[in-house]
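Protein chains in written order, with the working numbering: chain Y, 1 to 114; chain H, 1001 to 1112.
For every residue, glycine included, the Cβ atom is placed at its ideal position computed from N, Cα and C.
Below: the structure, in structure tokens.
Right, dumping it as structure tokens:
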């Protein structure tokens, strides 16, 4: 079945550092890809998404590009802030399993130190 | 527009009991999906309802069930609770199709 593999955490960076969180996927067909963020004690918030190959999703300084040839959707940010500390989830939804069934990676906990 | 709301936010039950969780979607959204989040298994899809019909189902035992009402509000029921059912239960709503899902804050269930 479809699956998502994320970079193992936790990740700890200093403020203004460059961030990359790796995400690769296995899917039948052409899935949509997402990054969600979860702050302590809260639900998931959509950070960005891409629905077809070579699309770039971006939001709040975060970016990710849908790479079909490497089946990847890595999350990047040029300069992180303390407020970016959270758990980040890569996810996919596909036409085979149903567009409303999200398959998540295991999550990556990010801590930014001032 | 108000977001997805879930009630209650916290719940403590004992083994063998049953529990019902509620989810009110964003106005106009007809699809509601439920997910279980645990430290060991991560986020797992339970089921999705669209216009009062279950449209998709994950790999959970029959103790987990749900329903959706005509106003799109959804309930999830877990019968004969087990310790392993302790989790954060998240619901998400969307217009359906390939639209983005918006998540509620979750219900934290603890089974003692």
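Excluding the 5 residues flanking residue i on each side, which residues of the same chain have their C-beta closer than 6 Å to its C-beta?
i	result
residue 37 of chain Y	45, 47, 86, 88
residue 1057 of chain H	1047
residue 26 of chain Y	3
residue 9 of chain Y	108, 109
residue 1024 of chain H	1005, 1073
Quick one: what's got a C-beta closer than 8 Å to residue i's C-beta in the same chain, skipping five residues either side?
i	result
residue 1003 of chain H	1026, 1102, 1104
residue 49 of chain Y	32, 33, 34, 35, 57
residue 1019 of chain H	1011, 1013, 1077, 1078, 1081, 1109
residue 1016 of chain H	1080, 1081
residue 63 of chain Y	48, 56, 57, 75, 76, 77
residue 1066 of chain H	1034, 1046, 1047, 1049, 1054, 1074, 1075, 1076, 1077
residue 100 of chain Y	93
For residue i and residue j, what's the separation of their Cα atoms in angstroms?
i	j	result
residue 1005 of chain H	residue 1085 of chain H	21 Å
residue 1119 of chain H	residue 1094 of chain H	As displayed, chain H neither begins before 1001 nor continues past 1112, which places residue 1119 of chain H out of reach and without an answer.
residue 81 of chain Y	residue 61 of chain Y	10 Å
residue 65 of chain Y	residue 40 of chain Y	27 Å
residue 1045 of chain H	residue 18 of chain Y	32 Å
residue 1064 of chain H	residue 1052 of chain H	17 Å
residue 55 of chain Y	residue 1082 of chain H	43 Å
residue 6 of chain Y	residue 1091 of chain H	23 Å
residue 77 of chain Y	residue 109 of chain Y	15 Å
residue 1036 of chain H	residue 24 of chain Y	22 Å
residue 93 of chain Y	residue 14 of chain Y	33 Å
residue 1032 of chain H	residue 1049 of chain H	5 Å
residue 1008 of chain H	residue 67 of chain Y	40 Å
residue 1059 of chain H	residue 21 of chain Y	28 Å
residue 1075 of chain H	residue 1062 of chain H	15 Å
residue 73 of chain Y	residue 53 of chain Y	10 Å
residue 1100 of chain H	residue 59 of chain Y	15 Å
residue 70 of chain Y	residue 106 of chain Y	20 Å
residue 43 of chain Y	residue 30 of chain Y	27 Å
residue 1040 of chain H	residue 1068 of chain H	29 Å
Which residue marks the beginning of the beta strand (DSSP E) containing residue i, and which one marks its end?
i	result
residue 64 of chain Y	62-65
residue 29 of chain Y	No beta strand (DSSP E) holds residue 29 of chain Y; DSSP gives it neither H nor E.
residue 1075 of chain H	1074-1078
residue 1056 of chain H	1053-1057
residue 1081 of chain H	First-last for residue 1081 of chain H: undefined, no H or E at that position.
residue 22 of chain Y	Where residue 22 of chain Y is concerned, there is no enclosing beta strand (DSSP E), given that its DSSP letter is neither H nor E.
residue 1038 of chain H	1031-1038
residue 108 of chain Y	108-113
residue 52 of chain Y	Premise fails: residue 52 of chain Y is in no beta strand (DSSP E) and is neither H nor E.
residue 1024 of chain H	1019-1024
residue 81 of chain Y	Premise fails: residue 81 of chain Y is in no beta strand (DSSP E) and is neither H nor E.
Relative to the ligand SAH, is the shortest distance from any of its heavy atoms to the C-beta of residue i smaller than 8 Å?
i	result
residue 1018 of chain H	The ligand SAH is not part of the structure shown, which contains no ligands of any sort.
Does the beta-carbon distance from residue i to residue j come in below 9 Å?
i	j	result
residue 1030 of chain H	residue 1106 of chain H	no
residue 102 of chain Y	residue 1043 of chain H	yes
residue 1022 of chain H	residue 1055 of chain H	no
residue 12 of chain Y	residue 112 of chain Y	yes
residue 79 of chain Y	residue 16 of chain Y	yes
Tell me which same chain residues have a C-beta within less than 7 Å of the C-beta of residue i, skipping the five on either side of it?
i	result
residue 51 of chain Y	32
residue 1038 of chain H	1087
residue 114 of chain Y	15, 82
Along the stretch 41-56 of chain Y, what residues have a CB closer than 9 Å to any CB found in chain H? 41, 42, 43, 44, 45, 46, 49, 51
Contact residues within the stretch 1076-1107 of chain H, judged by C-beta distance below 9 Å to chain Y: 1088, 1090, 1091, 1092, 1094, 1096, 1097, 1098, 1099, 1100, 1101, 1102, 1103, 1104, 1105, 1106
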